[in-house]
Amino acid sequence: MSEELHEVHLVVNGTTYDVRVPARRLLSDALRHDLGLTGTHVGCEHGVCGACTVLLDGRPVRACLLLAVTVDGHDVTTVEGLADTDGTLSAVQQGFAQCHGLQCGFCTPGFLTTVTAGLRDNPDPTHDEAREMVAGNLCRCTGYQNIVRSVERAAELARERS
Amino acid sequence: MTTRMTGTPVPRTEDRRLLTGAGRFVDDVLVGPGTLHAAVLRSPHAHARIVGIDVDAVLDLEGVHLVWTHEDLAELSAPMAEPLPLLIPHPALTHGRTQHALARDEVNHVGEAVAFVVADDRYVAEDAVGRIRVTWEVLAPVVGIDQARAAERLVHDDVPGNVGARLEQGTADAEQMAAALDAAPHRLSFDLEIERSACTPLEGRGTVARWDPDSDRLQVWTSTQTSTGVRAAVAAKLGLDLGQVDVITPDVGGGFGVKINHPWPEELLVPLAARTLGRVVKYTEDRREHFVASAHERGQQQHVEVGFDDDGRLLALDVEFWHDHGAYTPYGLIVPIITSTQLLGPYKPQLYRVVFESLYTNTTMVTPYRGAGRPQGCYAMERTMDAIAAHLGRDRTEVRAANFIQPDEFPYDQGLVFQDGRELEYDSGDYPALLEKAKALVGWDGFETFRAEMAAAGRRVGIGLACYVEGTGVGPYEGAHVHVETSGKVKVATGLTSQGQGHQTVFAQLVADELGCRFEDVEVVTGDTRRMPYAVGTFASRAAVMSGSAIHLAAKRAKEKALRIAADALEADEADLEIVEGSVRVKGSPGSAIDLGTVAVLSNPLRYAFDEASKAATQFSVGDPGKPPVAEDDEPGLEGKDFYSPERATFASGIHAVVVETDPDTAEVRVLKYAVVHDCGTLINPMIVEGQIHGGVAQGVAGALYERMAYDEAGQLLNASFMDFLMPYVTEVPDGIDIDHQETPSPLNPLGVKGAGEAGVIPSAAVFAAAIEDAEGIRVTRMPMSPSDLHHLRTDQRQEPTS
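Heads up: the sequence lines are chains X and G, in that order. Per the working numbering, residue 1 is the first one in the first sequence, and the count goes up by one each step. Per the working numbering, residue 163 is the first one in the second sequence, and the count goes up by one each step.
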């Protein structure tokens, strides 16, 4: 009773991948196990912690709540796709590095993708808006203090760059 | 001279890989189609006998490679059929019990491992688990401390009263204590309660193993706080020599204590399966499994009897508590011992006596969670201080100050035995100065004005303050190896593990300072038994103290050797040399210098040149033909190795203060101000220390206001998901934490450091209880405090007004 496999065409960080996966394969598992993009982490598998957040056509989504077959043909951005091709960290990544916005780093990819989308929509957040921007992601290490600072710093850096 | 790195907020070297998705957590290791995946059938019952297990429906499932129950283990490796190790035996733990890797006849908590399946992928493995049929004889469970104490039912048939251990210690026996309590001018007695919570790292447990038949060796990657502990356990249980097993700790997605327990069943079953199948096998715990099958902490009931004088000085403190240790005791009595000793905090009661019972319940077992028993002890003591102040009508800080150990009284021996089996002797501190800082930081003296202003606006606020002392950096030892390569790169290894504390950065700072190399040239490896086979682990806020000291000492040895070799090469006196930016030079004469890399070349007499630099070390280039190339008391290579093993722990201290507002209608508790003063001795990297405090405070707020383990009467954990267990988002933690440091160096180690990892969480239950009590004017004796708890407390106290 071999599982039926489905052709899925994924565009991840600008690279096209054709994979054959069972219908039940989660996007998070497809990214990690089929494509080897292990930067996307899975913290709860029920959509609450936000560690697995990726950008689907630019919008943050929980990769653990999506089946890989449902994103056929869509554009996915993972943490591996945030830095410039020459390795220069994005403003969001730099903000987190400068403000000690990460400790163990497990939840970090989900924060980075979330904030990347958040600052694109709101490049100049107030302090409350910066807090709100990360209010759907769990972190157990930092107490969020430096994450909020990182968001504010990332916004500054992005403005300096543009 | 270069700037000293110790004490500066150096950015972390760990961050780049973690920010780009290039971190390597255990589930990221050996990803690919060749890796098999394990899943575990877990008990759905809190207490049951296994009548039979039918795995027939699994055996022919396509993609399944093996299925094991307890019966299968003995023939694979006899020790696997025995219970898991009791890691820390103690004479008082008369009835210690540990689980089997797979349950034998009986299960004692929901989530206990019963069967183990390995399949092509996790989906198929879980399909298989779903097809295993177990016939259960369900038994009535023991849930909660009340039921454990009542002992109408037993968790383990052969453990009378559900009592695993009873331990008494103190500076007075029961009779002396009774007399002192009777003689005291004032006397109070009360009961306290604190509920369970858990570490809940974002990454759960996980293990990957690869058996290499060609070299007859096993490689294990595991998300642990002790790689050497796992290595020893795997070797023993699988019947391998220690030298056949390598354990590598990759990036770890948070530990907070739970990953110090070992070996977990899966840490043994995965390597065993890898050896049996000759394939890479991986197990990654899911979130529900982490809630029910790892470990919890905190749950205690406490009874306090205290006698004191008119100034609130403690004349007699008699504490009895009941500690819920869950179904098994692999970690011994560490948590209740810490509660019973660290309860004393910065105070010096004239007489102290403590008795605890460590009790079995049919719930997930209890092992250390950040703070490890200290939050409960701090809660008992600080509730006592507040009760004394209320009784005497004195300011709460005055009562505390009256009981402080004074700065000139160190070392101060509390007359107890600590968790490491050694005297509870405080090494240094300045508690009165801490208190002044805390009062200033939170605005203690101006609070009544603020309260009045808020009251005028119809708002209810309260302030609380709690002090703690934390024994950090317990032994037995840690070691370090510092190796300067011929490239000038400095490779450093220490055996304890890292789970987000920035060890790679902090340890590199220490090496750069001591050795004189460039910070950028230092690479630190932790938790890899191939690089440092002698180590203990990361717990008890010990990494900076233990490995930090060992690394400092090892770097010193490397430096001494570098100076010796360079003095020879430069024809200078060692005393005239200094190492700056990786270059050994004659002081005041920068032209006369030699790079550490070249010194490394010279340190290793060669027969064969492999590049330009190494030619300088070959036999026709260097050496005195009249002497052996390597001196009798020397070794080749520019390396330093050393171990640090202190006599006893070093004692950090601190005070937290919080201002809360309680909503008169919804009973919500809002934090208006959170202040921390903290003394962890010499600061190596203030940015990282503050990060540790932030995280600790957030976990403390969580434990005080949000998190609890909600068991029903059947022993089912009702909130075993992030949907239901209220782990705080940013919206639940204070927006801003005010921190002030005090640096009272430890005399016990060469760096003067004390641990900082756990401190942030220790006073939380105490400080919130105090502030809520102050806001509401009603006594708080149970924590955590949810809005509905506070609502009920208000209702109850209205019905039964207290004096």
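Glycine included, every Cβ here is placed at the ideal spot set by N, Cα and C. Please read these numbers as outputs of a predicted model, since none were measured by experiment.
Name the residues in the region 391-424 of chain G whose C-beta lies less than 9 Å from a C-beta of chain X; which are they? Asp-413, Val-414, Gly-415, Gly-416, Gly-417 and Phe-418
Pick helix, strand or coil for G/Ser-950, following the three-state DSSP scheme. helix
Which of helix, strand or coil DSSP assigns to G/Pro-963: Reliability fails at G/Pro-963, whose pLDDT of 49 lies under 50, so the model's placement of it is uncertain and no value is given.
Under 8 Å Cβ-Cβ, which residues of chain G neighbour X/Arg-131? Val-892, Thr-893 and Asp-897
Kindly confirm or deny that the region 585-592 of chain G and the region 547-562 of chain G touch, where touching means at least three C-beta pairs closer than 8 Å. no
Any beta carbon of chain G sitting closer than 8 Å to that of X/Ala-30? no
Under three-state DSSP, which class holds G/Glu-722? helix
Spell out whether any CB of chain X is found under 8 Å from the CB atom of G/Tyr-285. yes
Could you confirm whether any beta carbon from chain X is found closer than 8 Å to the beta carbon of G/Arg-832? no
I think G/Gly-858 touches G/Ala-814, with their Cβ atoms under 8 Å apart; what is that distance to the nearest whole Å? So it is not a contact: roughly 12 Å between Cβ atoms.
Thinking just about the alpha-carbon of each residue, which of G/Val-468, G/Ala-600, G/His-458 and G/Thr-411 is nearest to the one in G/Asp-690? G/Thr-411
Measuring only between beta-carbons, confirm whether X/Asn-122 sits less than 8 Å from chain G. no
Closer than 8 Å is the cut-off here; do at least three beta carbon pairs connect the region 163-176 of chain G with the region 112-125 of chain X? no
Three-state secondary structure assigned by DSSP to G/Glu-365: coil
Selected residue, minimal CA-CA separation from G/Arg-349, among G/Ala-549, G/Arg-379 and G/Val-213: G/Ala-549
Checking 8 Å against the spacing of the C-beta atoms, do X/Gly-47 and X/Leu-65 come in under that value? yes
Here's a check: name, in chain order, each residue in its chain whose Cβ is nearer than 6 Å to the Cβ of G/Arg-328, leaving out the five neighbours to either side. Glu-519
Mapping the DSSP letters down to three states, classify X/Arg-149 as helix, strand or coil. helix
Do we get a CB-CB distance below 8 Å when we pair G/Met-889 with the residues of chain X? yes
Look at the Cβ atom of X/Gly-101, then the Cβ atom of X/Ser-150, and state whether they are nearer than 8 Å. yes
If we count Cβ pairs, one from each stretch, closer than 8 Å, do we get three or more for the region 14-31 of chain X versus the region 61-76 of chain X? yes
Take G/Pro-347 as the anchor and find which of G/Arg-941, G/Gly-759, G/Ser-359 and G/His-553 has the nearest alpha-carbon. G/His-553
Relative to chain X, which residues along the region 653-665 of chain G have a C-beta separation below 8 Å, given in chain order? Gln-661, Gly-662, Gln-663 and Gly-664
Looking at the unbroken beta strand (DSSP E) that takes in G/Gln-463, where does it start and where does it end? 462-470
Hey, quick one: how far does the alpha helix (DSSP H) through G/Cys-540 stretch, first residue to last? 536-554
Please return the same chain residues whose Cβ sits closer than 7 Å to the Cβ of G/Pro-117, not counting the five positions on each side in sequence. No answer is possible for residue 117 of chain G: it lies beyond the span of chain G, which begins at 163 and ends at 965.
Supposed contact pair G/Tyr-630 and G/Ile-924 - C-beta distance, whole angstroms, cut 8 Å: 4 Å
Whole angstroms are fine: how far does the CA of G/Ala-793 sit from the CA of G/Leu-181? 47 Å
Hey, is the region 254-271 of chain G in contact with the region 324-342 of chain G, meaning 3+ C-beta pairs nearer than 8 Å? yes
Quick one: does X/Arg-140 have its CB under 8 Å from some CB of chain B? Checking the listed chains, one finds no chain B in this structure; the protein chains it contains are X and G.
Nearest chain G C-beta to X/Val-48 closer than 8 Å, yes or no? yes
So which residues of chain X does G/Asp-177 contact, with C-beta pairs closer than 8 Å? Phe-96, Ala-97, Leu-102 and Gly-105
Are the CB atoms of X/Ala-155 and X/Pro-163 within a distance shorter than 8 Å? Because chain X is modelled from 1 through 162, residue 163 of chain X falls outside the range shown and cannot be assessed.
Rank G/Pro-241, G/Val-442 and G/Ala-277 by C-alpha distance to the C-alpha of G/Trp-230 and give the top, closest one. G/Ala-277
Exposed or buried, X/Ile-147, counting other C-beta atoms within 10 Å across all chains shown (16 or more means buried)? buried
Proximity of G/Ala-933 and G/Gly-624 at Cβ, strictly below 8 Å: yes
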